[in-house]
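To convert a position in the sequence shown, counted from 1, into the working numbering, add 196. Glycine included, C-beta positions come from ideal geometry on N, C-alpha and C. Notes for the one structure printed next.
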Amino acid sequence: MPSLNPSQDQLKRFAEQMPAGEPILMLNLLRFNDQAVYPAESGHPPCSGREAYGVYSRTAIKKVRSAGGDVEIMANARVALIAPEQEHWDEVLLVRYPSPEAFLAMLADPEYRAATIHRTAALADSRLIGCNPRS
Numbered sequence: 197m198p199s200l201n202p203s204q205d206q207l208k209r210f211a212e213q214m215p216a217g218e219p220i221l222m223l224n225l226l227r228f229n230d231q232a233v234y235p236a237e238s239g240h241p242p243c244s245g246r247e248a249y250g251v252y253s254r255t256a257i258k259k260v261r262s263a264g265g266d267v268e269i270m271a272n273a274r275v276a277l278i279a280p281e282q283e284h285w286d287e288v289l290l291v292r293y294p295s296p297e298a299f300l301a302m303l304a305d306p307e308y309r310a311a312t313i314h315r316t317a318a319l320a321d322s323r324l325i326g327c328n329p330r331s
């Protein structure tokens, strides 16, 4: 079953388990739809999943930076050396935030929230893993 957006329980667990006030890294694993899957009533023109993700990314990167974060790594995924045979990803992102609170505040931003329609339409599956940098 695809995982596209966090549930309320997942957000609550993230807020409880990530150390408050400390820098975090968010690992994003992305698999794109060949064609973006927008709700019928959205009125968005047909495009590829990658194109829809690009629309989302323009807003998301602006909001990440205004939250004090930045994209550390953006790469095309090529070959999984250790993974189940059927698992594959198209893109990997590593995004730094100054704190879990900054990340959660960004998620609540109305402009960011409006852009997530493009992310959801773009993705066939995803993973978002909160990490703490090691010194």
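Do residue j and residue i have their beta-carbon atoms positioned less than 8 Å apart in this structure?
| i | j | result |
| --- | --- | --- |
| L200 | L290 | no |
| P198 | D321 | yes |
| A232 | A310 | no |
| P215 | N328 | yes |
| L319 | L226 | yes |
| A276 | H284 | yes |
| A211 | L300 | yes |
So, under 8 Å CB-CB, residue i and residue j are touching, yes? Tell me the CB distance rounded to an integer number of Å.
| i | j | result |
| --- | --- | --- |
| Y252 | T312 | 7 Å |
| Y293 | G265 | 4 Å |
| E218 | S331 | Contact doesn't hold; Cβ gap of about 11 Å is too wide. |
Relative to the C-alpha of residue i, which candidate in the options has its C-alpha closest?
| i | options | result |
| --- | --- | --- |
| H314 | E212, E268, Q213, G239 | G239 |
Q | Given 8 Å, three or more beta-carbon pairs between the stretch 254-266 and the stretch 225-245 | A | Result no; under three Cβ-Cβ pairs closer than 8 Å.
Q.
Ignoring anything shorter than 4 residues, give me the alpha helix (DSSP H) runs that lie fully in the stretch 251-319, in order along the chain.
A. DSSP runs (the alpha helix (DSSP H)) wholly in the stretch 251-319: 296-304, 306-318.
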